[in-house]
Ligand SMILES: [Zn+2]
């Protein structure tokens, strides 16, 4: 089980070092602090909207999870900075990640 | 440690033409030799090529096409600041004594693969640079209550200055209203807020003090170098309203040259998008945090070419691998009082700011007569 195989099934998990417990982002095979092995945390993670803009009908937002992970995600409703959101859909398409939040 | 000087330079026009990368590289190199008859090819002991192009072995290829058989020959890639990275590498070869004279050629095609950092999956579907630029712009506008119209002055100023640069991609002037009416790319970014990926090349020769003085009566010296990489991921930026890597690189470069930002007479800074110019001015110390646009306004209103005299990236175009070298050539010409209608008065000390991937890395150089 690794981050990308789970993400490709539509599941967003949080990579964490087995040794020093640091969240490892972006996901890699080994911890960027101690090179320890990385495991995945399961959960219904809530993220905070840090910033956003809009292209055509879609908002794109920078979302922060656990005060350390930041991703860019698509949102259909009008976002607000500071608003808490959850990942509603995610995956891998054309070798790149994609995320939707609401 | 030997002083390292800029002994010669050459360039091509920046266009959106279809040309092979090898051909573009050779043209700026040819222009360099045409500009400087005193260079002996046998003295060149390193050839460095700066590009994001996927072609291989470009430095030995350029060397062969130009009739040079260097000791050291390789490419350097670091996205948009490949050009100044190659200058720093060349400086190090000379300062260490491994080489005495180095040809550095940067080139790119308009369809460069260096525009998109595929690795940065934190950006989700939003990997094109217009998305990080939109986030920077939105944050900057929010932080300092700034309108799109005010930001548009950056593009107006830099296009005006590029009109005096015969090699610039743009030969048009625009009003604030033209920028506002240009194609809307996102809610926070118009087409004329963006630098355009171009086909183009710029070449420069660095040499020891002695060899530099043999070639030119008007030498310019590299007296400060600062570089910093904070991450590779756009979203790892601690702030979307300032450039951390630029601040650190500027401090190092100014310290090495024993100067402060107040001493800088002319600068080329990395205005990949309109918002980058005030952010860079603030992070380099030319103005207070939030005061960058006041300085841009003042320079524009007084027709002062101090910042981005060649038109910056927005006016000149942005052939990624050539940009840092082109910026360095502009500051060299300014210090040599050789910049024609773009000339800034009493230019003795100049600065170059070149960055990559939403300011996750920056290079700052200080040049002096
Ligand atoms: Zn660890």
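Protein chains in written order, with this note's numbering: chain A, 11 to 112; chain B, 13 to 381. By construction, the Cβ of each residue, glycine as well, lies at the ideal position given by its N, Cα and C atoms. From a predicted model like this one, the values you see are computed outputs, not experimental measurements.
With 8 Å set as the bound, which would you pick, yes or no: does the beta-carbon of residue 368 of chain B sit closer than that to a beta-carbon of chain A?
Your numbering for residue 368 of chain B matches position 356 in the second chain. No - not a single Cβ of chain A is within 8 Å of the one on residue 368 of chain B.
Whole-angstrom Cβ separation of residue 33 of chain B and residue 119 of chain B, contact assumed at under 8 Å?
Taking the first residue of the second chain as position 1, residue 33 of chain B is located at position 21. Taking the first residue of the second chain as position 1, residue 119 of chain B is located at position 107. Indeed they touch by this definition, with Cβ atoms about 6 Å apart.
Going along chain B, which residues have a C-beta under 7 Å from residue 36 of chain A?
Indexing the first chain from 1 puts residue 36 of chain A at position 26. Going along chain B in sequence order, the residues near residue 36 of chain A (Cβ under 7 Å) are 133, 134, 245.
Under the three-state DSSP convention, the category residue 106 of chain B falls into:
Within the second chain, residue 106 of chain B is the residue found at index 94, counting from 1. DSSP places residue 106 of chain B in helix when its eight states are reduced to three.
Within 10 Å of its beta-carbon, does residue 452 of chain B have 16 or more other beta-carbons around it, so buried, or fewer, so exposed?
Given that chain B is displayed from residue 13 to residue 381, the structure contains no residue 452 of chain B and the question cannot be resolved.
Please report the straight-line C-alpha distance between residue 401 of chain B and residue 60 of chain B, rounded to a whole angstrom.
No information on residue 401 of chain B is available, as it lies outside the stretch 13 to 381 that chain B covers here.
Within chain A, partners of residue 146 of chain B - CB distance below 7 Å:
On the second chain, residue 146 of chain B is found 134 positions in, with the first residue counted as 1. Against chain A, a Cβ distance below 7 Å from residue 146 of chain B picks out 63.
Would you mind giving the Cβ-Cβ distance between residue 16 of chain B and residue 239 of chain B, rounded to the nearest angstrom? I have them listed as a contact below 8 Å.
By one-based count along the second chain, residue 16 of chain B stands at place 4. By one-based count along the second chain, residue 239 of chain B stands at place 227. A Cβ-Cβ distance of about 16 Å is found for the pair residue 16 of chain B and residue 239 of chain B, leaving them out of contact under the 8 Å criterion.
Continuous alpha helix (DSSP H) stretch holding residue 93 of chain A: start and end
The residue labelled residue 93 of chain A in the question sits at position 83 within the first chain. Element bounds for residue 93 of chain A: n/a, residue is neither H nor E.
Report yes if the CB atom of residue 318 of chain B is closer than 8 Å to the CB atom of residue 356 of chain B, and no otherwise.
Residue 318 of chain B sits at position 306 when you count from the first residue of the second chain. Residue 356 of chain B sits at position 344 when you count from the first residue of the second chain. Yes, these two residues count as a Cβ contact at 8 Å.
What three-state label does DSSP hand residue 23 of chain B in the structure shown?
One-based indexing of the second chain puts residue 23 of chain B at position 11. Reduced to three states, the DSSP call for residue 23 of chain B is strand.
Can you pull the chain B residues whose beta carbon is under 9 Å from the beta carbon of residue 106 of chain A, in chain order?
For the purposes of this step, residue 106 of chain A is taken as residue 96 along the first chain, with counting starting at 1. The contacting residues are 130, 133, 135, 136, 137, 139.
Using a Cβ-Cβ distance cut-off of 8 Å, determine whether residue 19 of chain A contacts chain B.
In the first chain, the residue the question calls residue 19 of chain A occupies position 9. False, the Cβ-Cβ gap to chain B never drops below 8 Å.
Note down, in chain order, every chain B residue with its Cβ under 7 Å from the Cβ of residue 81 of chain A.
Along the first chain, read from residue 1 onward, the residue named residue 81 of chain A stands at position 71. Identification of chain B residues near residue 81 of chain A by a Cβ-Cβ cut-off of 7 Å yields 134, 136, 247, ordered along the chain.
Length at least 4, wholly inside the segment 102 to 178 of chain B: the alpha helix (DSSP H) runs in chain order:
Runs of the alpha helix (DSSP H) inside the segment 102 to 178 of chain B: 141 to 156, 160 to 174.
Suppose the cutoff is 8 Å on Cβ atoms and the five residues either side in sequence are ignored; what does the same chain contact list for residue 56 of chain A look like?
Translated into the one-based positions of the first chain, residue 56 of chain A becomes position 46. So the list reads 75, 94, 95, 96, once near-sequence residues are dropped.
Assuming contact is defined by CB atoms lying nearer than 8 Å, are residue 40 of chain B and residue 214 of chain B in contact in what I supplied?
As a first step, residue 40 of chain B must be located in the second chain, where it is residue number 28. As a first step, residue 214 of chain B must be located in the second chain, where it is residue number 202. Against a cut-off of 8 Å, the Cβ pair of residue 214 of chain B and residue 40 of chain B comes out as a contact.
Can you name the residues that DSSP bridges to residue 27 of chain A?
As a working mapping, residue 27 of chain A is identified with position 17 in the first chain. Its beta-bridge partners are A/48.
Which residues, in chain order, does the segment 66 to 77 of chain A contribute to contact with chain B at a C-beta distance below 7 Å?
Those residues of the segment 66 to 77 of chain A that come within reach of chain B (Cβ to Cβ, closer than 7 Å) are 70, 72.
Kindly list, in the order they appear in chain A, the residues whose Cβ is closer than 7 Å to that of residue 151 of chain B.
Numbered from its first residue, the second chain carries residue 151 of chain B at position 139. Result: 61.
CB contact flag (residue 377 of chain B, residue 265 of chain B, <8 Å)
The sequence position of residue 377 of chain B within the second chain is 365, counting from 1. The sequence position of residue 265 of chain B within the second chain is 253, counting from 1. For residue 377 of chain B and residue 265 of chain B, yes; Cβs fall inside 8 Å.
Curious, which full-length beta strand (DSSP E) runs of at least 3 residues does the segment 35 to 73 of chain B contain?
Secondary structure within the segment 35 to 73 of chain B: the beta strand (DSSP E) runs of 3 or more consecutive residues, fully enclosed, are 58 to 62 (chain order).
Measuring only between beta-carbons, confirm whether residue 200 of chain B sits less than 8 Å from chain A.
Reading the second chain from its first residue, position 188 is the one you call residue 200 of chain B. Closer than 8 Å: yes.
Quick check on residue 255 of chain B: buried or exposed, where buried means 16 or more other Cβ atoms within 10 Å of its Cβ?
Here residue 255 of chain B is taken as the residue at index 243 of the second chain, counted from 1. It is buried - the Cβ of residue 255 of chain B has at least 16 other Cβ atoms within 10 Å.
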